[in-house]
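Report on the following structure.
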Amino acid sequence: AQSVAQPEDQVNVAEGNPLTVKCTYSVSGNPYLFWYVQYPNRGLQFLLKYITGDNLVKGSYGFEAEFNKSQTSFHLKKPSALVSDSALYFCAVRDVESGAGSYQLTFGKGTKLSVIP
Amino acid sequence: IAGITQAPTSQILAAGRRMTLRCTQDMRHNAMYWYRQDLGLGLRLIHYSNTAGTTGKGEVPDGYSVSRANTDDFPLTLASAVPSQTSVYFCASSFTGTGNTEAFFGQGTRLTVV
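Taken in sequence, the protein lines are chains A and B.
Take 1 as the starting number for the first sequence in the working numbering and just add one per residue.
Take 1001 as the starting number for the second sequence in the working numbering and just add one per residue.
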């Protein structure tokens, strides 16, 4: 079984400061990892993914995430937060060795990011 | 514009009534999914389909059914709605190969069962 934990329900950060949204995962094999953002009354938008290769992946809107296999983590980061980054962020995982089973993503419960002007 | 279309955007439904939520994608993705989003619980998978003609159960399938007659459409049916099915429902689709596996989501259907 695969699972994702986002330990913080809410993260507050001042505009211009760096931000981190934490994510840890559990899979039986190797993971595909994803971050999504959700603005109010909207669907989820894809931000970035880790498939293989470089542990630091860069995505949309200046976000990046670092894959750490030993800590089973995939934290989302941005060097300088904007007020417009305020939204709900979801981490998701898929086991690469899904095989003949489903290919669905398992999501964390989400972290609400508030960037304070 | 390519993407996923869900209908309706919102609905108030009397308990016991039957309801079908529609989902159509034009990205030729082989896999499609239905999730429900509830406060504090994140997104939970209801049903999925890896390819046209096949479906599977997710984490919370009870009270829901799906069909996948073709690549583009993946309707979700509530046979007899109950208040606990009040939620926001998201349809998603993706490829299932290596690499391009990110899922794309529709805008959601907000369903209230009274």
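We put the beta carbon where it would ideally sit given N, CA and C, even for glycine.
Q) Beta carbon of B/Val1113, beta carbon of B/Pro1083: below 9 Å? A) With contacts defined as CB atoms closer than 9 Å, B/Val1113 and B/Pro1083 qualify as a contacting pair.
Q.
Between A/Pro7 and the ligand GDP, is there a pair consisting of the residue's CB and a ligand heavy atom that are separated by less than 8 Å?
A. The ligand GDP is not part of this structure, which contains no ligands at all.
Q.
Let's see if you can read the secondary structure: which residues bound the beta strand (DSSP E) around B/Thr1055?
A. Where B/Thr1055 is concerned, there is no enclosing beta strand (DSSP E), given that its DSSP letter is neither H nor E.
Q. What are the boundary residues of the beta strand (DSSP E) that B/Thr1112 is part of?
A. Counting along the chain, the beta strand (DSSP E) containing B/Thr1112 begins and ends at 1109-1113.
Q.
Does the segment 1066-1077 of chain B come into contact with the segment 1028-1037 of chain B, if we say contact requires no fewer than three beta-carbon pairs (one atom in each stretch) closer than 8 Å?
A. With a cut-off of 8 Å on Cβ pairs, the segment 1066-1077 of chain B is in contact with the segment 1028-1037 of chain B, counting three or more such pairs.
**Q.** Option in A/Arg94, A/Leu113, A/Pro40 with minimal Cα separation from A/Ser3
**A.** Sorting A/Arg94, A/Leu113, A/Pro40 by C-alpha distance to the C-alpha of A/Ser3 places A/Arg94 at the top.
**Q.** Segment limits, beta strand (DSSP E) that includes A/Gln71
**A.** DSSP places A/Gln71 outside any beta strand (DSSP E), giving it a letter other than H or E.
Q. What distance in whole Å lies between the Cβ atoms of B/Thr1005 and B/Thr1024, which are believed to be in contact at a cut-off of 8 Å?
A. The pair is a contact, with the Cβ atoms about 5 Å apart (cut-off 8 Å).
Q. Considering only C-alpha positions, which residue in the set A/Phe46, A/Gln104, A/Lys69, A/Thr20 is nearest to A/Gly9?
A. The sequence as given places Asp at residue 9 of chain A; Gly does not occur at that position. Ranking the options by Cα distance to A/Asp9, first place goes to A/Thr20.
Q: Taking C-beta pairs closer than 7 Å, name the residues in chain B that A/Gln104 reaches, listed in chain order.
A: In chain order: Tyr1033, Leu1045, Tyr1048, Gly1058.
Q: Starting from the C-beta of A/Ala100, find all residues in its chain whose C-beta is less than 6 Å away, skip the five residues before and the five after it, and write them out in chain order.
A: Because A/Ala100 carries a pLDDT of 49, less than 50, the predicted location of this residue cannot be relied on, and no value is offered for it.
Q | Per DSSP, the bridge partner or partners of B/His1047 | A | The secondary-structure analysis by DSSP pairs B/His1047 across a beta bridge with B/Trp1034, B/Lys1057.
Q. Can you find a C-beta in chain C that's less than 9 Å from the C-beta of B/Phe1074?
A. Among the protein chains of the structure shown, namely A and B, there is no chain C.
Q: Taking B/Arg1028 as the reference, give the member of B/Leu1039, B/Thr1077, B/Phe1095, B/Thr1101 with the closest Cα.
A: If we check each option's Cα against that of B/Arg1028, B/Phe1095 comes out closest.
Q. Start and end of the beta strand (DSSP E) containing A/Gln6?
A. No beta strand (DSSP E) holds A/Gln6; DSSP gives it neither H nor E.
Q | Assumed close pair A/Leu47, A/Phe63 - CB separation to whole angstroms, cut-off 8 Å | A | About 5 Å separates the two Cβ atoms, so the contact holds.
Q) Rounded to a whole number of angstroms, what is the C-alpha to C-alpha distance between A/Asn41 and A/Leu88? A) So the two alpha carbons sit approximately 11 Å from each other.
Q) Are B/Gly1058 and A/Phe90 closer than 9 Å when you measure CB to CB? A) No, Cβ-Cβ distance for B/Gly1058 and A/Phe90 is not below 9 Å.
Q. If you drop the 5 nearest sequence neighbours on each side, which residues of the same chain put their C-beta closer than 8 Å to that of A/Ser28?
A. Hits under 8 Å: Ala1, Gln2, Asp95, Glu97.
Q. How many whole angstroms separate the CB atoms of B/Ala1007 and B/Ala1081, which I take to be in contact at a CB cut-off of 8 Å?
A. Wrong, their Cβ atoms sit about 17 Å apart, outside the cutoff.
Q | Member of A/Lys77, A/Thr24, A/Asp85, A/Asn17 whose CA lies at the smallest distance from the CA of A/Ser70 | A | Out of A/Lys77, A/Thr24, A/Asp85, A/Asn17, A/Thr24 has the C-alpha closest to the C-alpha of A/Ser70.
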